[in-house]
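Beneath this line is the structure, given in structure tokens, with notes to follow.
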Amino acid sequence: MEPAVGGRVLVPFRQQRMSGIVVGLHDREPAVATKNVFSVVDPAPVLDQQLMRLGRWIADYYLAPLGEVFRTMLPLGAEFKRTITYSITEPGQMALHLGGMSGSSARARRTPEEQLAEFRVLDYLANREEPVRELSLRSATGVSRTVLSGMVRKKWVVREDISDAREAARTIKVAVLCSKSPSDAPTAPADGATNVSARHATGNDGATGVPARRAKLNANQQALLDALTASGGRAEVEVLHALDVPRTTLQTLVKRGLVDIVAEPAEFHVSRVKARPSPFDFEFNPAQKQALQRIQDSIANRKFTGVLLHGVTGSGKTAVYLAAMRTVLESGRSAILLVPEIGLTPTVAADLHQVFGDEVAILHSALSDAERAEQWHRIKRGEARVVVGTRSAIFAPVSDLALIIVDEEQDSSYKQEETPRYHARDVAVMRAKMADAVVLLGSATPSLESYYNATKNKYALLELPDRVEQRPLPEVELIDMKQEFQETGQEQVISRKLAEEIRERLERKEQVMILLNRRGYSPVALCRTCGKTLECKNCAIAMTHHKRARKMECHYCGYTAPVPEKCGHCGSEYVYFLGTGSEKLEELLHGMFPTARIGRLDRDTVRGKEDFERALNALNEGELDLLVGTQMIAKGHDVHGVTLVGVVGADIALGLPDFRAAERTFQLLTQVAGRAGRGETPGKVVLQTYFPDHYAVQYAARHDFAGFYEKELRFRSWMHYPPYSALANVLIRSDRLEDALLWSGTIGQWFEKTRHEGVRVLGPAAAPILRLKRDFRYHFVLKSTSREKLNTLLRTMLAYAASQKIPRTQVIVDVDALWLM
Ligand SMILES: [Zn+2]
Ligand SMILES: [Zn+2]
Numbered sequence: 111m112e113p114a115v116g117g118r119v120l121v122p123f124r125q126q127r128m129s130g131i132v133v134g135l136h137d138r139e140p141a142v143a144t145k146n147v148f149s150v151v152d153p154a155p156v157l158d159q160q161l162m163r164l165g166r167w168i169a170d171y172y173l174a175p176l177g178e179v180f181r182t183m184l185p186l187g188a189e190f191k192r193t194i195t196y197s198i199t200e201p202g203q204m205a206l207h208l209g210g211m212s213g214s215s216a217r218a219r220r221t222p223e224e225q226l227a228e229f230r231v232l233d234y235l236a237n238r239e240e241p242v243r244e245l246s247l248r249s250a251t252g253v254s255r256t257v258l259s260g261m262v263r264k265k266w267v268v269r270e271d272i273s274d275a276r277e278a279a280r281t282i283k284v285a286v287l288c289s290k291s292p293s294d295a296p297t298a299p300a301d302g303a304t305n306v307s308a309r310h311a312t313g314n315d316g317a318t319g320v321p322a323r324r325a326k327l328n329a330n331q332q333a334l335l336d337a338l339t340a341s342g343g344r345a346e347v348e349v350l351h352a353l354d355v356p357r358t359t360l361q362t363l364v365k366r367g368l369v370d371i372v373a374e375p376a377e378f379h380v381s382r383v384k385a386r387p388s389p390f391d392f393e394f395n396p397a398q399k400q401a402l403q404r405i406q407d408s409i410a411n412r413k414f415t416g417v418l419l420h421g422v423t424g425s426g427k428t429a430v431y432l433a434a435m436r437t438v439l440e441s442g443r444s445a446i447l448l449v450p451e452i453g454l455t456p457t458v459a460a461d462l463h464q465v466f467g468d469e470v471a472i473l474h475s476a477l478s479d480a481e482r483a484e485q486w487h488r489i490k491r492g493e494a495r496v497v498v499g500t501r502s503a504i505f506a507p508v509s510d511l512a513l514i515i516v517d518e519e520q521d522s523s524y525k526q527e528e529t530p531r532y533h534a535r536d537v538a539v540m541r542a543k544m545a546d547a548v549v550l551l552g553s554a555t556p557s558l559e560s561y562y563n564a565t566k567n568k569y570a571l572l573e574l575p576d577r578v579e580q581r582p583l584p585e586v587e588l589i590d591m592k593q594e595f596q597e598t599g600q601e602q603v604i605s606r607k608l609a610e611e612i613r614e615r616l617e618r619k620e621q622v623m624i625l626l627n628r629r630g631y632s633p634v635a636l637c638r639t640c641g642k643t644l645e646c647k648n649c650a651i652a653m654t655h656h657k658r659a660r661k662m663e664c665h666y667c668g669y670t671a672p673v674p675e676k677c678g679h680c681g682s683e684y685v686y687f688l689g690t691g692s693e694k695l696e697e698l699l700h701g702m703f704p705t706a707r708i709g710r711l712d713r714d715t716v717r718g719k720e721d722f723e724r725a726l727n728a729l730n731e732g733e734l735d736l737l738v739g740t741q742m743i744a745k746g747h748d749v750h751g752v753t754l755v756g757v758v759g760a761d762i763a764l765g766l767p768d769f770r771a772a773e774r775t776f777q778l779l780t781q782v783a784g785r786a787g788r789g790e791t792p793g794k795v796v797l798q799t800y801f802p803d804h805y806a807v808q809y810a811a812r813h814d815f816a817g818f819y820e821k822e823l824r825f826r827s828w829m830h831y832p833p834y835s836a837l838a839n840v841l842i843r844s845d846r847l848e849d850a851l852l853w854s855g856t857i858g859q860w861f862e863k864t865r866h867e868g869v870r871v872l873g874p875a876a877a878p879i880l881r882l883k884r885d886f887r888y889h890f891v892l893k894s895t896s897r898e899k900l901n902t903l904l905r906t907m908l909a910y911a912a913s914q915k916i917p918r919t920q921v922i923v924d925v926d927a928l929w930l931m
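Yeah, the sequence shown ends on 931 if you go by our numbering, and it's all consecutive.
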């Protein structure tokens, strides 16, 4: 098979065999030593020219290795089978036979148990000719992977890691009647004569390989052929096996050339959840109609167009998206809709299926690797021309792309927090440019970047200023918690005003939602004797008390520990649990309103998307009076029964050392406020805050988007932050503090003595979270009005770091970083 540019090949890589993408073909003599390709996986490109170009752009823009980018773009890992094997080496034989085992013990002192484990491995391998699979080896010897890795390092054994292509998609086997000539095979409907003779045949299925011609058929064989004929000449092997004939019968028919067995892609069921009767309202108000018209005109133009659709919560953006996508589908072209992770619940998927039928492919995180690969092939074959999915769906291999929609474009889940650290919204804009397509960014609270681009006429700005059916926006009341403290003499979680409002709603049988964006019971365990807090052993972060689960948990790395009875530093018994998380808030509310039915929505109560949906359904069905939760409750698409939203500790984020804190707070408050209001009944929001004068809080309370953007843009401009500068965060990390300090110092000195006109470099400084997941972290923040200068400097810095033997994996370059923590 000839390789194709954009297709995959299997290549040798150290002791492994790995898949790679062909980026070019030429017949020049290579200047470096090369190895041969093992095999060609795809005779045709899996990445077309446009996606190859997009991949190169991402690698360049985000300073990511091209291979990592391609790996992210192709969800086809399930198509390779990994086999890890071990075999013994000569030094291994020596170690075994000299009983010497002591050869290298000067370096590593091993316990007798470890020595014994190594001996078992060597002994087992010495008796085998062929390399042994890791699974067999480990079950035969009972040793851990760590022991094996140690032996690889000592060169006693060799590990091989081999990938092999497997069947591209999940397939089913289908039996097909062969029709060589009418007389050769009984393809005609039941032929009496054959039947009679067949019934009299005495032989069993006898795998004799007799030619088909004129051979007699036994009853079983005839029954199978009849069944095949009756189902139009083809049937699933699985179905035929269910008939009352021996399985060998089918094989005999295949041998005799009467039946062929072919593999066909399995049919994929998009959603097993039933759609609601009429999920979307396509009766548009004038603003929706106008927006749709503008989008349709742009699509018809076949020129790149960026559109920012700013619609207040409840203004009917989704219906506009779907109508635009239907237009695209009807014109025979393709569309991609990106949604944040939480937006893609099973019900929404079922609804989409109802609107687009089999033409929709849905990509979400609950799919297995095999299912993801299947969906990918459906899209590639052109069977699904509408793609709905989370972040990586932006790489869907559609052809003739006309429209990309990014819903809730400000959502931080669009940014990948590992290499390649791409932002799906920005990749969407670039892909639309390459395809001469329309990119539509939708939000109730657009990001500063997108809004700024709209004011600079890079994007057309479309507004949906009213909620559908003229429903009013909720009234927002601010509660100053400092004043509350002065008046009541104690720290309150629920203010008197909020308690009163909740009571009123419960009496009127209305529903209430309370946001506290912090899960767990208490965020801090503090010793009153020595003043120290219980920190995670991997991170410089206080561990959170989870009362019901009886544990302490680190919310950054997941490490858990028992609830302390004594202080780990001084042994004092006076350990206090301080602060309130959503678990404690739920308990408090139970105490205040004993008869209310209270539910909680956070990452401790929601394991999968079904849980999320179940909780929201319970609310919609009136099975709950009160729902407590973290920001998850602000993001439900389908909540419309709530008349009161309480916000407790909304301003936690305002205390963080991050320039986006105000923007995030404004967006969260606006989103959660948007949940209030039912039908004609206007909703109310009670917003408790310690910063009542902060502009993010003030503007959110007034639903004043334009006001907030103007103020925030001025701040960003003064501080040279995005969107006025391109920004990159460079993080140096190591689990050894000395290395982290040395490396960040080395790079810091290099920045100091290197000319980098037009790029501001701040740092090195300890990262706000100094230690995270065992790594000590120092960082630099780079800002420049010229993206080119910024990227050039980053590239040169990486080359210098490599020359100083700083491992590439310990230098993280995050272009357009969303978090500086
Ligand atoms: Zn203590
Ligand atoms: Zn931790």
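Quick reminder that beta carbons are idealized off the backbone N, C-alpha and C, glycines included.
Arg-491 sits away from Val-508, with the two beta carbons spaced by 8 Å or more. Counting only the Cα atoms, Met-829 lies some 17 Å from Arg-897. Note on His-420: 16 or more other CB atoms within 10 angstroms of its CB, so buried under the neighbour-count rule. DSSP places Ala-771 in the uninterrupted alpha helix (DSSP H) bounded by 771-783. Going by beta carbons, Pro-450 and Glu-723 fall outside the 8 Å limit.
The C-alpha of Pro-874 lies about 12 Å from the C-alpha of Leu-880.
Using a Cβ-Cβ distance cut-off of 8 Å, the stretch 749-766 and the stretch 616-631 are in contact, since at least three pairs of beta carbons, one from each stretch, lie closer than that value. By the Cβ criterion, the stretch 508-528 is not in contact with the stretch 896-913, since fewer than three pairs of Cβ atoms, one from each stretch, lie closer than 8 Å. In the displayed model, Ser-197 falls within a strand according to three-state DSSP. Sixteen is the threshold: since fewer than 16 other Cβ atoms of the shown chains lie within 10 Å of the Cβ of Cys-640, the residue is exposed. Those residues having their beta-carbon less than 6 Å away from any non-hydrogen atom of ligand 2 are, in chain order, Cys-646, Asn-648, Cys-649, Ile-651, Cys-664, Tyr-666, Cys-667, Tyr-669. Between Thr-799 and Arg-629, the beta carbon gap of about 20 Å keeps them out of contact (Cβ cut-off 8 Å). A Cβ-Cβ distance of about 40 Å is found for the pair Leu-184 and Ala-397, leaving them out of contact under the 8 Å criterion. Ranked by Cα distance from Glu-224, the options Gly-252, Pro-241, Leu-245, Arg-238 are led by Gly-252. Val-150 sits close to Glu-112, with the two beta carbons spaced by under 8 Å. The DSSP assignment places complete alpha helix (DSSP H) segments of no fewer than 4 residues inside the stretch 222-259 at 222-236, 244-251, in order along the chain. It is roughly 8 Å from the alpha-carbon of Gly-765 to the alpha-carbon of Ala-771. Between Ala-783 and Thr-775, the C-beta gap is not smaller than 8 Å, which leaves the two residues out of contact. Leu-734 sits away from Gly-701, with the two beta carbons spaced by 8 Å or more. When DSSP states are grouped into helix, strand and coil, Val-156 belongs to the coil group. Around the C-beta of Val-539, 16 or more other C-beta atoms lie within 10 Å, and the residue is accordingly described as buried.
Between Ile-198 and Ala-285, the C-beta gap is not smaller than 8 Å, which leaves the two residues out of contact. Bounds of the alpha helix (DSSP H) holding Gln-398 are 396-411.
In the pairwise beta carbon analysis, the stretch 662-682 is classified as not touching the stretch 691-705: fewer than three pairs are separated by under 8 Å.
Measuring C-alpha to C-alpha distances from Arg-618 to each of Arg-118, Gly-367, Val-869, Leu-736 identifies Leu-736 as the nearest. Using a Cβ distance threshold of 8 Å, Thr-753 and Lys-794 count as a contacting pair. Counting C-beta pairs closer than 8 Å gives three or more between the stretch 543-561 and the stretch 413-430, which meets the contact rule. Note that the C-beta distance between Leu-448 and Ala-503 is below 8 Å.
Here Leu-287 is not near Leu-334, since their CB atoms are 8 Å or more apart. The nearest non-hydrogen atom of ligand 1 is less than 7 Å from the C-beta of Thr-639.
The alpha-carbon separation between Phe-595 and Glu-601 amounts to approximately 6 Å. Taking a 10 Å sphere around the C-beta of Thr-256, we find fewer than 16 other C-beta atoms and assign the residue as exposed.
Beta-carbon to beta-carbon, Gln-331 and Thr-358 are separated by about 10 Å, too far to satisfy the 8 Å threshold.
Contact between Gly-116 and Met-162 holds: their C-beta atoms lie close to 5 Å from each other, under 8 Å. By the Cβ neighbour-count rule, Ala-401 is buried, with 16 or more other Cβ atoms within 10 Å of its own. Boundaries of the alpha helix (DSSP H) around Ser-827: 815-828.
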